[in-house]
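Read through the structure below, which is laid out as structure tokens, and then see the notes.
In my numbering, the protein residues as written are 37 to 306.
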């Protein structure tokens with residue numbers, strides 16, 4: 037069984053030390069084949085915040101994480117340092133997490149495509165460009181269709197509640213319709229600090245197949261939303277001819293993470 041650990045919106049600079057420790061303890065106990073970090077690593081894109089995040093990632097690797105896939109969020113671009121924002125917006129990100137802003141992970145059962153939907157001239161809104169749509173489509177066309185295929189972007193492609201419609205990606209519909217035709221299974225993200233799992237066909241009626249949206253909450257920032265606690269997602273890809281994924285949400289309770297809700301997602305034959 038392949039396992040994916042999804043964390044998001046850590047907002048280093050606002051992290052809570054006991055929650056960070058609880059996640060490290062969880063990884064020591066359970067491990068994961070792949071860690072997906074879906075953006076907003078830092079609160080203000082400062083070098084010290086990225087350094088703390090990079091040190092945290094190294095500790096996770098030492099505790100049982102296999103591979104990692106990391107993308108930036110809107111908070112990972114400087115807000116108040118305007119020269120850096122407009123002339124070298126990813127300087128601190130790249131210094132600590134590498135130059136690739138749209139990484140791809142692939143193994144014998146899984147394809148995960150990173151998408152950078154941030155930009156210096158947009159404060160928080162995400163945008164999927166036509167060029168990005170075509171890039172992802174080309175990768176999907178070239179893959180083995182039996183593999184579970186995932187796109188990871190920081191901002192969501194759909195909305196759980198009406199107030200979050202304004203937070204979803206610009207260009208989401210055209211992107212999803214194209215990628216559904218190429219066999220995409222899942223999109224993953226964060227941004228709204230509201231964990232949820234949704235079938236996107238409920239919002240987009242013309243998808244050629246179902247695409248599920250898996251959104252993470254804030255993993256250990258104090259910037260929680262409403263009554264949603266700190267949390268992360270764990271995805272388990274089951275063996276078998278059909279694609280079958282269990283999505284588990286783990287919530288912070290007292291001084292440890294405990295299983296919360298879970299969903300069983302299946303797609304049948306590719």
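From the three backbone atoms N, C-alpha and C, an ideal C-beta is built for every residue, glycine too.
Keep in mind the model is a prediction, meaning the values are calculated, not measured.
Element boundaries [beta strand (DSSP E), containing residue i]
i	result
residue 279	279-289
residue 40	38-43
residue 185	184-188
Exposure of residue i, with buried meaning 16 or more beta-carbon neighbours within 10 Å
i	result
residue 110	buried
residue 48	buried
residue 273	buried
residue 297	exposed
residue 37	exposed
residue 162	buried
residue 295	exposed
residue 226	buried
residue 118	exposed
residue 126	buried
residue 44	buried
residue 190	buried
residue 76	buried
residue 210	exposed
residue 291	exposed
residue 72	buried
residue 289	exposed
residue 91	exposed
residue 281	buried
residue 201	exposed
Where the alpha helix (DSSP H) containing residue i begins and where it ends
i	result
residue 83	83-99
residue 270	No alpha helix (DSSP H) contains residue 270, which is instead part of the beta strand (DSSP E) from 267-273.
residue 58	53-66
residue 251	Residue 251 -> not in any alpha helix (DSSP H); beta strand (DSSP E) instead, spanning 248-251.
residue 232	That residue, residue 232, is in no alpha helix (DSSP H); its beta strand (DSSP E) goes 232-235.
residue 175	166-178
Anticipated Cβ contact below 8 Å, residue i with residue j, distance rounded
i	j	result
residue 50	residue 94	In fact, because the Cβ distance is near 21 Å, the residues do not count as touching under 8 Å.
residue 221	residue 247	7 Å
residue 74	residue 107	6 Å
residue 270	residue 41	6 Å
residue 147	residue 171	Wrong, their Cβ atoms sit about 13 Å apart, outside the cutoff.
Residue i (DSSP reduced to helix, strand or coil)
i	result
residue 144	coil
residue 199	helix
residue 204	coil
residue 221	coil
residue 127	helix
residue 133	helix
residue 115	coil
residue 212	helix
residue 256	coil
residue 70	strand
residue 306	Any reading at residue 306 needs caution, since the residue's pLDDT is 49, under 50, leaving its predicted position unreliable; the model's value is listed next. Correct three-state label for residue 306: coil.
residue 120	helix
Residues of its chain near residue i, where Cβ-Cβ distance is below 6 Å and the 5 sequence neighbours each way are ignored
i	result
residue 309	Outside the displayed range of the chain (37 to 306) lies residue 309, so it cannot be described from this structure.
residue 208	193
residue 140	149
residue 253	229, 231, 264 and 267
residue 306	Annotation note: pLDDT 49 at residue 306 (below 50); position unreliable, coordinate value reported separately. Once the five neighbours on either side are set aside, the close Cβ partners of residue 306 are 181 and 182.
residue 129	108 and 112
residue 62	293
residue 81	112, 113, 114 and 128
Contact set for residue i: own chain, Cβ-Cβ below 7 Å, skip 5 residues either direction
i	result
residue 85	48, 49, 78 and 79
residue 256	46, 51, 52, 55, 56, 59 and 266
residue 212	193, 236, 240, 243 and 247
residue 168	151
residue 145	38, 183, 184 and 273
residue 156	113, 121, 122 and 125
residue 177	218
residue 153	162, 163, 164, 189, 190, 191 and 205
Neighbourhood of residue i by C-beta distance below 8 Å, restricted to the same chain and skipping five residues each side
i	result
residue 260	229, 253, 254 and 266
residue 204	162, 191, 192, 193, 194 and 195
residue 97	104
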